[in-house]
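Going by the UniProt record's numbering, the first residue of the sequence shown is number 1, and it counts up by one from there.
Note that beta-carbon positions come from the ideal geometry of N, C-alpha and C, so glycine has one too.
Since we're looking at a predicted model, the values are computed, not measured.
These notes are about the structure you will find just below.
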Amino acid sequence: MVESGTTQHNFKFQIPGHEGVRPVLGYTGSGGIPLVKNEQFRELHHAHAHAHVQAHAHAQAQAQAQAQAHAHAQAQAHAHQQHTLHNHLHQGHHPVHHNEDPVRAPNPLEERQRLIKEMKRLRRKALETPESLERQRMRERERVRLKRSQETPEERRKRLEENKIRNRIRRANLTPEDLEIKRKHDRECARRRRAAKKAEKDAAKERMAFMNGPRMEQ
């Protein structure tokens, strides 16, 4: 029999009022847990375990009740939504807006997800740099290019027709202010293209000069 205080597991009871007390231990059970021999400690241990089990059962019951209440509220909201939609479709009524709806309680899960999405968007916005924006534009261009490479001739013809109509409508609705903005934008684009072309030409000249320089010295 193992003496009290000499257990290899340094086993102590964490029971309120009896913290740190070493019981007289028996043989080691499965998983290396010392088994209690002393009757007093066994009773204390059982009382503590029973309280723990009761607390766990109570917490589980509470969680289950909350889940049931949430499911019931969701079902009610869904039924009400379907009912208003049915009225709208069959009687010409406008569906009731959520903020005016006394039956539908705000869903905390939806609200939390909306806030998380908004926070992520703001964080992305705060971390944006010209380089990251350029990478994003390149990814978007690549995505569009891939999508267009997979479309059939019929789909391509349809898309171009739709674009023509859309552009015609947009041009017809342009105001003088819009036209001025467009002219400024076009001028800026042309200036950038010229600057890029000049920079490329200058870089090519420098490369040629660098390559030809050492030969001329020799």
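Taken through DSSP and simplified to helix, strand or coil, E151 comes out as coil. For A105, there is no enclosing alpha helix (DSSP H), as DSSP marks it with neither H nor E. Between the stretch 102-121 and the stretch 141-155, the count of C-beta pairs closer than 8 Å stays below three; the two stretches do not touch.
A51 sits away from A73, with the two beta carbons spaced by 9 Å or more. In this structure, K184 keeps its C-beta atom at 9 Å or more from the C-beta atom of L174.
In this structure, R156 sits near R148, with a CB-CB distance shorter than 9 Å.
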